[in-house]
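Enquirer: Let me give you the structure first, and then I'll get to my questions.
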Amino acid sequence: MASEGDRRAGPEVEERRSRILDVVRPGGDPRRGVAVATVSTLVFLGVLVVLVTRAPGWPTVKKTFFDPHQFWSSLPEIATAFKLNCKIFLIAEVFILVFALLLAVLRSLQGPVFFPLRAVAIVYADFFRGVPTILVIAILGFGAPGLGLAGVPTSTTFWGIVALVLVYSAYVSEVYRAGIESVHPSQAAAARSLGLTHLQALRTVILPQAVRRVIPPLLNDFIGLQKDTALVGTLGAVEAFQQSQIDTNATFNYTPYLAAALLFVAITIPLARFTDWLILRDRRRRQAGGAFA
Amino acid sequence: MRTLIALGAVAALALVSAGVGSSRAASQLSCGKSSLTLVNPGTLTVGTDNPAYPPWFGGGTPKGSKWKVNDPSTGKGFESAVAYAVGSKLGFAKNEVKWVYVPFNRSYAPGKKSFDFDINEISYTPARAKVVTFSSSYYDVNQALVVNKGTKIASAKTVAALKPYKLGAQLGTTSYAYIKNVIKPSQQPSVFPTNAGAVQALKNKQIDGLVVDLPTAFYVTAVQVPNSKILGQFPTAAGGEHFGMVFAKGNPLAACVNVALAAMRKSGQLTKIQQQWLAKATGAPVLK
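Respectively, the protein sequence lines represent chains A and B.
All residue numbers for the first sequence refer to this note's numbering, where the first residue is 1248 and numbers rise by one.
All residue numbers for the second sequence refer to this note's numbering, where the first residue is 189 and numbers rise by one.
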C-alpha cells in the first residue's frame, strides 16, 4: 500500500495515517478521492448485502431478526431498561476513577517501607484483571447478600456496581500507572528540588500531566464499562439486554436484541469518535510544542 | 402403529387443535417410523435443557452421564416419560430415543435444529407459534407463587395484595409475563437467566416471591429453598396455559406426535403418567 505520503518524512505522515476517514491522498484531487471512496464503499456494502440476502436461511433470519413491528413494540421497554445501564455505568465510573487512582498512587510509592502497599496494589490488579467480569458479578451478587448480614444491601444493582468497580479499577489503575510512568523522572526531580514532598510533587506536578495523557485510554475503558453493564442482568436486574431477552423469549423473535444493540451503539460510538478526536488533538498539540510536554 | 392409522379422525382433530394449519388430510398422514424425516435417521432425537430438574425429569444421573440432577434417558420424571411414550407410539424402542442438550434459547434459534422435538416445559403462545411449531398440550399448567415462610408476603391472600412486593421469575418463562400483565407489581420484578439464580435470590431474600409453574413450585419448596412454601397457585389465565413440544416450523413430525398424544389422552395413558410424576403438584390454594 505504498502511497505518496509514505515517502514523506515528519509527523504529518503519522497524523494522516491515523485518520481512516481521510479519503484524499496527499497531493491528489480531492473530488476524485471522495468519489473513489464512495464507489468502493458502495461496492463493498453491495457485495455484503447480496451475500447475506441470497443465503438459504435469509428469509427466516429476516423474519426473526429484522421484524419492524417487533422492533418498535419492544423498543420503549428496552429503552426504559437502558436507563438502568446508564445509571450503573455513571455511578460506577465515578468510583472507578477515584479508586483506581488510589491504587496507581499506591503502586508508584517508592521505598522499602511501602512494599506491603505496593504488593497489595499489584496483587489486586493481577487478580481482578484475571477473573472474568461475569464471575465477579455472579459471585458477589449472589454471595454477598447470601451472608444475611444486617446492613448488607441485597440490591442486585448495588452489587453489580460494586463488581464492576472492582474489575474496572484494576484495568484503570494500570492506565493511570502508565500515565504516571510516562512523565519524565526529571519532572519529579525538579519538583523535589523545589522543596515539594513526594506527595506534593505527585499531586501538583506528576498527576496533572499523567492524567491528561491517559484521557483517551480512560475513555476507552469507560466504553468497555458501558457495555459490561449488560452483565449485571445475570443477577436478575432488568437492564436493556435482559429486557431484550425477555421479549425475545416471549416471542421467539430476536429483533429485540437488535433494539438493545442500537441503544448501546448510540452512546458508545459517539464516545469512541470523541476519544479518537481527543487522541488526535493531543498528538497535534504535542507535535506543535515539539517537546513531550 | 396400526392403531395410529385407525385413528385418522383423531389425527384431524389433533391437527386442528394444535393449530398446525396443515391442509393435509389425515388419511395421507404417514407416521411410520421409516417414513418420518428425522434429524438422525432411525433415531428420535429429543432435546431438553441441562440440568434436568424434577418433577419433569427423575432417576438421577448414572455414572459418566453428561446430565446434571437427572439424566432424561432414565425414562423417569414426567417429561421423560411422555417423550418415551410418544416415541413408543411412533414405533421407537427405548434405545432408539436419544437426548440432546438444548438450552431454552437455542430451541427457537433459526437454522437447522439439532433435535426432532424439544420438551422443556415450554408454554404455547400465539407469538411463539409463528416461529416454531408446537405439539398439542401434554400438560395444562398453572403458575404458583413461592415465598419464604414467616416473611411479610407470606400472609397475603389475594393477587391484589402482592402488588407492593419484589417478585421474580425465570427468564423465558410465562411466569414473568404473568407478573407484568396480571399482578402488575409496583416494583420492577427481577428476572433470572437460570433456575439456580432465581432460587438463590429467593434464599437471599433479594426477592420476596418467586413465580414458577406449579409442579416446579413443589420442587423448589421441597428441595431447593428450605423454609419456603407455596403461597398459592394463580387462577388459570384466560384460554388456559399449556406446555407443548417444540418442532422446527412446519416439521410434519408434529402432526404425528399430535396423533400419538391424542391416543395417549384417549386411553388415559397421559393421565396415568401425570399421576405418577406430578401427583403432588395439585391442591395448592388458589389466590383470588
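Beta carbons: idealized from backbone N, C-alpha and C, even for Gly.
Starting from Ser378 (chain B), follow the beta strand (DSSP E) in both directions and report where the run begins and ends.
Expert: Per DSSP, Ser378 (chain B) belongs to the beta strand (DSSP E) from 378 to 380.
Enquirer: When the Cβ atoms of the region 252 to 269 of chain B are set against those of the region 464 to 474 of chain B, are three or more pairs found closer than 8 Å?
Expert: Yes, since at least three Cβ pairs between the region 252 to 269 of chain B and the region 464 to 474 of chain B fall closer than 8 Å, the two stretches touch.
Enquirer: Name, in chain order, the residues that DSSP records as bridge partners for Asn336 (chain B).
Expert: Answer by DSSP bridge pairing, in chain order: B:Ser416.
Enquirer: Leaving aside the five residues before and after Val1383 (chain A) along the sequence, list all residues of the same chain whose C-beta is less than 8 Å from its C-beta, in chain order.
Expert: Excluding positions up to five away in sequence, the list reads Phe1375, Ala1410, Leu1413, Val1414.
Enquirer: Taking its Cβ as the centre, do 16 or more other Cβ atoms sit within 10 Å of Thr1404 (chain A), making it buried, or is it exposed?
Expert: Buried: at least 16 other Cβ atoms inside 10 Å.
Enquirer: Would you say the region 334 to 354 of chain B touches the region 1511 to 1520 of chain A, given that touching needs at least three Cβ pairs under 8 Å?
Expert: As far as the Cβ criterion goes, the region 334 to 354 of chain B does not touch the region 1511 to 1520 of chain A, which means the pair count is below three.
Enquirer: Could you pull out every residue in the same chain whose Cβ sits closer than 6 Å to the Cβ of Thr404 (chain B), ignoring the five residues on either side in sequence?
Expert: Closer than 6 Å at the Cβ level, and outside the excluded window around Thr404 (chain B), lies no residue.
Enquirer: By Cβ distance below 7 Å, which residues in the same chain neighbour Phe380 (chain B) in space, the five residues on each side in sequence not counted?
Expert: The answer, listed in chain order, is Gly356, Gln358, Leu359, Ala386, Ala389.
Enquirer: Would you mind listing the alpha helix (DSSP H) stretches within the region 1347 to 1402 of chain A that are 4+ residues and don't spill past its ends, in chain order?
Expert: Entirely contained in the region 1347 to 1402 of chain A, the alpha helix (DSSP H) runs reaching 4 residues are, in chain order, 1362 to 1377, 1380 to 1390.
Enquirer: Are the C-beta atoms of Asn439 (chain B) and some chain A residue less than 7 Å apart?
Expert: Chain A, which has no Cβ nearer than 7 Å to the Cβ of Asn439 (chain B), makes this no.
Enquirer: Does Thr1495 (chain A) come out as helix, strand or coil in the three-state DSSP assignment?
Expert: Three-state result, Thr1495 (chain A): helix.
Enquirer: For Arg294 (chain B) and chain A, any beta-carbon pair shorter than 7 Å?
Expert: No, its Cβ sits nowhere closer than 7 Å to a Cβ of chain A.
Enquirer: Mind checking if Phe380 (chain B) is an interface residue toward chain A, Cβ cutoff 7 Å exclusive?
Expert: Interface residue, yes.
Enquirer: Out of A:Val1299, A:Asp1529, A:Ala1435, A:Thr1307, which has the shortest C-alpha to C-alpha gap to Pro298 (chain B)?
Expert: Taking only the C-alpha atoms, the option nearest Pro298 (chain B) is A:Thr1307.
Enquirer: For Ala1425 (chain A) and Val1461 (chain A), which I take to be in contact (beta-carbon distance under 8 Å), what is that distance rounded to the nearest angstrom?
Expert: Between Val1461 (chain A) and Ala1425 (chain A) the Cβ distance is about 7 Å, and since that is below 8 Å, they are a contact.
Enquirer: Where does Gly1280 (chain A) fall in DSSP's three states?
Expert: If DSSP states are grouped into helix, strand and coil, Gly1280 (chain A) belongs with the helices.
Enquirer: Starting from Trp1305 (chain A), follow the alpha helix (DSSP H) in both directions and report where the run begins and ends.
Expert: Here the alpha helix (DSSP H) through Trp1305 (chain A) covers 1305 to 1312.
Enquirer: Which residues of chain A have a Cβ atom closer than 9 Å to the Cβ of Pro298 (chain B), listed in chain order?
Expert: Result: Gly1304, Thr1307, Val1308, Lys1310, Thr1311, Phe1312, Tyr1501.
Enquirer: If the cut is a Cβ gap below 8 Å, which residues of chain B does Gln1434 (chain A) touch?
Expert: Near Gln1434 (chain A) there are no residues of chain B at all, since even the closest Cβ is about 50 Å away, more than 8 Å.
Enquirer: DSSP on Phe280 (chain B), reduced to helix/strand/coil?
Expert: Of the three classes helix, strand and coil, the one that applies to Phe280 (chain B) here is coil, per DSSP.
Enquirer: I'd like to know if Val411 (chain B) contacts chain A, where contact means its C-beta is closer than 7 Å to some C-beta of that chain.
Expert: Cβ-Cβ to chain A under 7 Å: no for Val411 (chain B).
Enquirer: Going by beta carbon distance, what residues of the same chain come within less than 6 Å of Ser295 (chain B), once the five residues before and after it are set aside?
Expert: So the qualifying residues of the chain are Asp306, Val434.
Enquirer: Mind listing, in chain order, the continuous alpha helix (DSSP H) runs of no fewer than 4 residues lying wholly within the region 226 to 295 of chain B?
Expert: Runs found: 266 to 277.
Enquirer: Show which residues of chain A have a CB atom less than 8 Å away from the CB atom of Tyr289 (chain B).
Expert: Result: empty, since nearest Cβ-Cβ is about 18 Å, beyond 8 Å.
Enquirer: Of the residues that make up the region 1466 to 1484 of chain A, which ones have a beta carbon closer than 9 Å to any beta carbon in chain B?
Expert: For the region 1466 to 1484 of chain A, which is checked against every Cβ of chain B, the residues closer than 9 Å are Gly1480, Thr1481, Leu1482, Gly1483, Ala1484.
Enquirer: Who are the Cβ neighbours of Phe1216 (chain A) in its own chain at under 7 Å, not counting the five residues just before and after it?
Expert: A question about residue 1216 (chain A) goes unanswered here, because the residues of chain A that appear run from 1248 up to 1540.
Enquirer: Got a sec, what are the start and stop residues for the beta strand (DSSP E) Val400 (chain B) sits in?
Expert: 397 to 401 is the span of the beta strand (DSSP E), which, as asked, contains Val400 (chain B).
Enquirer: Consider the Cβ of Leu359 (chain B): report whether some Cβ of chain A lies at a distance smaller than 7 Å.
Expert: So, interface residue.
Enquirer: Please compile the residues from chain A whose C-beta is within a distance smaller than 8 Å of the C-beta of Gln388 (chain B).
Expert: Result: Phe1389, Gly1393.
Enquirer: For Trp1524 (chain A), count the other beta carbons within 10 Å of its own beta carbon; 16 or more makes it buried, fewer makes it exposed. Which is it?
Expert: Burial call: exposed.
Enquirer: List, in chain order, every chain A residue whose beta-carbon is nearer than 9 Å to that of Val320 (chain B).
Expert: Chain A residues near Val320 (chain B): Phe1499.
Enquirer: Rounded C-beta distance between Tyr353 (chain B) and Ile341 (chain B)? I'm assuming under 8 Å.
Expert: Going by Cβ atoms, the distance from Tyr353 (chain B) to Ile341 (chain B) rounds to 5 Å, so yes, they are a contact pair.
Enquirer: According to DSSP, which residues form a beta bridge with Ala357 (chain B)?
Expert: DSSP, once it has assigned bridges, lists B:Val379, B:Val399 as partnering Ala357 (chain B).
Enquirer: Does the region 222 to 233 of chain B touch the region 272 to 287 of chain B, meaning 3 or more C-beta pairs lie closer than 8 Å?
Expert: As far as the Cβ criterion goes, the region 272 to 287 of chain B touches the region 222 to 233 of chain B, which means the pair count is three or higher.
Enquirer: Quick one: is Ala315 (chain B) near chain A, going by C-beta distance under 7 Å?
Expert: Yes - at least one Cβ of chain A is within 7 Å of the one on Ala315 (chain B).
Enquirer: Using a C-beta cutoff of 7 Å, does Ile1516 (chain A) count as contacting chain B?
Expert: By this cut-off, Ile1516 (chain A) is not an interface position.
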